[in-house]
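2 protein chains.
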Amino acid sequence: MAGELDERKQRVLRAVIDDYIQSAEPVGSRTLARKYDLGVSPATIRNEMADLEMLGYLRHIHTSSGRIPSSKGYRFYVDGLIPPAPVGEEEKARIDTWYRTRVKRIDEVFQETARLIAEITKNVAIVLAPQMTQARFHCMQFLPLDADRVVAVLMTDAGFVENKIVHMPAGASFSDFQRMSGFINERLAGRALSEVTRGAFRELHEAMGDEAIFDAAFSVIERALDDTKEERLYLGSTTHMLDQPEYHDVERVKEVLLLLEEQELVKDLLHAHMGDGLEVTIGQENGDAHFKDSSLITATYHLHGELLGTLAVMGPTRMEYAKAMSLLEYMNDNLTHVIRRLEW
Amino acid sequence: MAGELDERKQRVLRAVIDDYIQSAEPVGSRTLARKYDLGVSPATIRNEMADLEMLGYLRHIHTSSGRIPSSKGYRFYVDGLIPPAPVGEEEKARIDTWYRTRVKRIDEVFQETARLIAEITKNVAIVLAPQMTQARFHCMQFLPLDADRVVAVLMTDAGFVENKIVHMPAGASFSDFQRMSGFINERLAGRALSEVTRGAFRELHEAMGDEAIFDAAFSVIERALDDTKEERLYLGSTTHMLDQPEYHDVERVKEVLLLLEEQELVKDLLHAHMGDGLEVTIGQENGDAHFKDSSLITATYHLHGELLGTLAVMGPTRMEYAKAMSLLEYMNDNLTHVIRRLEW
DNA sequence: AGTTAGCACTCAGTCAAGTAGAGTGCTAAC
DNA sequence: GTTAGCACTCTACTTGACTGAGTGCTAACT
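Below is the structure:
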């Protein structure tokens, strides 16, 4: 299978794809002969292209008018022919200074990472932020707010803090809450948040007796659980994709944007194609018919060896794979560092 | 000035605008006579329209081909002719159930409010979330995280909680932090966050002595100040604007989206046109040339009598003003209730 | 046997001319 | 004051011719 294409066919295929990625126009034998140093005449190239089409690497829109790569063509290209395209120094500088100066909050990091990727690749960027499955209860504290309200603060062992205003039940006093927090901390410290279900809590409930205060504490825990369980999705600026000729038709743009608004669908998509490092999914390789003309590049990032989330670029199959791939790799490294540095 | 237009002219003007808003096509005398019950012939309508054009209420693209409203025309329409368009019952139901069931966190409320407005009006929706200028320091607490880290938690008197992980300086122990929080709470309770500048803090610093712990505490306060000072901007789905024929050209879409990405610019825009209740700014009435073909409707919302933020709809001057206005009013009311109910 | 030149053929895109339709403005009649 | 009629204007659409880029095939060349 790998020997299916001799060296010249590979060079032709690569030239076709490079040119098409750059011009977005079907590419013909003459152009190819002129622009690329293939050392043979257009006629020969025509023959080679006909072969490549027969083998499924290229496609014909109609008789006459040049060839465009098929998914199989792109796949071969990505797997072996792709020219290295390291991230430009200016871009690196831009990214680095941004990370160094602007970053304050963790969600800003994700949002801006997505924005930067979208801007540089001129495609849709998606960042899937960590799900903290392993979050463990560290401690809970109540702080008095005013005569009838208390703020419950919960902290996980990673230093993630959740809080919620709760109304003090009639007849209760702040010291009841303090007593409650003592009980809770004693029983729950170190327990995985996901274990702290209503059921596991019941025992505590009975020990405590006071329904209202129990509910208050429980509601913060629930919220924290919700929050840590949830994977957040950040979309990079969807403006830049409009630079791609593929999206010069508003209908297609609308189609893609509506899909992207379905957060669950996007998450599923990312999960499905989330590989170990860099993963490229091209056109029809993706099951969903909606994405048959789109490619997806995903890169997963890690913290302390644990898989955390995903960076992705989605664009037309005609995409600057090399550039997007090296950019994702670069951002991937950066993100890990920044997160470690920030610690929230 | 108000008597400039007799009753029939007003009816013609209104018919022109109603029709144009609905069809997005220049409207001619014949169509008008056919579709609207004006009781006169096309020729008469032509005369009236010629007058209206002379007076600046209508415009001509070119000789022949119908009229379209000018900014002045829309202004007159909005100020007096506009037909009431109460929010539909199905839409109300949709909004209400959403608010009742889905709302959990305050930022979700703003984001989804923007999304709903955009979806229903098919235009860009903008929500400017409260700036808590009046935030006052309530208390600060340090919670031990592990051997060398502490979480600083700050609460404002509105119950807004801010937190930050800080590294324990070498040689310091957790009890140093506790002592520090005692000092801080004593001195700062009730002070406006904005007063707590580095300068005002100096006195405290000197009383304390320990530089590193001082910095830790100060960094949380700074972050809280940043956070409360910041007005957050939520953009409703920018997908729906593509339904407007005005945005069938990708170039125009890109232009608008790029503008919207400039958060500071958008904030300024909203501030400039933020009136007491419902405010409509039409086309050129807006100073900025970028918005000369766009209208902006803003509605401010309040909590406990204090002006908090703004809901806005931005779209082409040809916009369903009546619908957008009543929707904003409805959302305005809802938002106030939901915020009060949530209390974060 | 592989490579190339030449030629007939196919399409997409562009341009000009012609046509239909919608609309205006004006004038004269009601 | 209102309306009918008519000449005129402009846009949008269609048609046909033309051009340029490209293909596939055949025959000649190395």
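Protein chains in written order, with the working numbering: chain A, 1 to 344; chain B, 1001 to 1344.
The C-beta atom is built at its ideal place from N, Cα and C for all residues, glycine as well.
8 Å contact criterion, which residue i and residue j should meet: CB distance rounded
i: A/His240; j: A/Glu119; result: 6 Å
i: B/Val1087; j: B/Val1280; result: Contact flag wrong, Cβ pair sits at about 17 Å.
i: B/Pro1083; j: B/Ala1322; result: 6 Å
i: A/Gly73; j: A/Pro26; result: 13 Å between Cβ atoms; not a contact.
i: B/Val1345; j: B/Ile1045; result: Outside the displayed span of chain B (1001 to 1344) sits residue 1345 of chain B, for which this structure offers no information.
i: A/Met140; j: A/Ile184; result: 5 Å
Residue-chain proximity (residue i, chain B), Cβ-Cβ < 9 Å
i: A/Glu261; result: yes
i: A/Gln141; result: yes
i: A/Arg136; result: no
i: A/Ser175; result: no
i: A/Lys254; result: yes
i: A/Ser237; result: yes
i: A/Trp344; result: At A/Trp344 the pLDDT is 48, less than 50, meaning the model places this residue with poor confidence; the figure from the coordinates comes in the next sentence. Yes, A/Trp344 counts as interfacial toward chain B.
i: A/Leu242; result: yes
i: A/Asp18; result: no
i: A/Arg232; result: no
i: A/Leu308; result: no
i: A/Val266; result: no
Selection from the options that minimises the alpha carbon distance to residue i
i: A/His138; options: A/Ala212, A/Arg318 and A/Ala224; result: A/Ala224
i: B/Tyr1330; options: B/Pro1069, B/Met1155, B/Asp1096 and B/Met1319; result: B/Asp1096
i: A/Glu89; options: A/Ser326, A/Ile339 and A/Lys122; result: A/Ser326
i: B/Ser1070; options: B/Ile1021, B/Asn1047, B/Arg1100 and B/Asp1107; result: B/Ile1021
i: A/Arg318; options: A/Ser294, A/Gly309 and A/Thr300; result: A/Ser294
i: B/Leu1242; options: A/Glu262, A/Leu258, A/Glu320 and A/Ser173; result: A/Leu258
i: B/Val1040; options: B/Arg1008, B/Ile1061 and B/Arg1136; result: B/Arg1008
i: B/Gly1056; options: B/Thr1063, B/His1062 and B/Ile1068; result: B/Ile1068
i: B/Val1338; options: B/Thr1101, B/Asn1286, B/Ala1158 and B/Arg1198; result: B/Thr1101
i: A/Ile297; options: A/Ser194, A/Asn286 and A/Gly305; result: A/Asn286
i: A/Asn123; options: A/Thr238, A/Phe76 and A/Pro130; result: A/Thr238
i: B/Glu1195; options: B/Gln1134, B/Gln1284 and B/Val1109; result: B/Gln1134
i: B/Lys1292; options: B/Met1049, B/Met1180 and B/Val1256; result: B/Val1256
i: B/Ala1158; options: A/Leu145, A/Met155, A/Ile221 and A/Ile282; result: A/Leu145
i: B/Ala1172; options: B/Gln1010, B/Ile1165 and B/Ala1147; result: B/Ala1147
Proximity of residue i and residue j at Cβ, strictly below 9 Å
i: A/Leu311; j: A/Leu335; result: yes
i: A/His167; j: A/Arg187; result: no
i: B/Leu1058; j: B/Arg1014; result: no
i: B/Pro1316; j: B/Glu1251; result: no
i: B/Leu1032; j: B/Val1016; result: yes
i: A/Ala93; j: A/Gly236; result: no
i: B/Val1253; j: B/Ile1117; result: no
i: B/Arg1341; j: B/Leu1303; result: no
i: B/Tyr1234; j: B/Asp1333; result: no
i: A/Ile213; j: A/Phe177; result: yes
i: A/Ala152; j: A/Ala217; result: yes
i: A/Asp19; j: A/Tyr36; result: yes
i: A/Gly190; j: A/Arg136; result: yes
i: A/Glu230; j: A/Gln111; result: no
i: B/Ala1299; j: B/Leu1278; result: yes
i: B/Gly1275; j: B/Leu1128; result: no
Residue-level contact to chain A via CB, residue i, 9 Å cutoff
i: B/Asn1163; result: yes
i: B/Gln1022; result: no
i: B/Asp1157; result: yes
i: B/Met1001; result: Because B/Met1001 carries a pLDDT of 45, less than 50, the predicted location of this residue cannot be relied on, and the following value inherits that uncertainty. Judged by the 9 Å Cβ criterion, B/Met1001 is not in contact with chain A.
i: B/Tyr1330; result: no
i: B/Leu1052; result: no
i: B/Pro1144; result: yes
i: B/Val1127; result: no
i: B/Arg1149; result: yes
i: B/His1304; result: no
i: B/Asp1293; result: no
Beta-bridge partners of residue i, as assigned by DSSP
i: B/Tyr1234; result: B/Val1127
i: B/Lys1164; result: B/Ala1152
i: B/Ile1297; result: B/Val1280 and B/Val1313
i: A/Gln141; result: A/Val153
i: B/His1060; result: B/Arg1067
i: B/Ala1192; result: B/Arg1136
i: A/Asp146; result: A/Arg149
i: A/Leu259; result: Partner(s): none; A/Leu259 has no beta bridge.
i: A/Val27; result: A/Arg67
i: B/Leu1303; result: B/Glu1306
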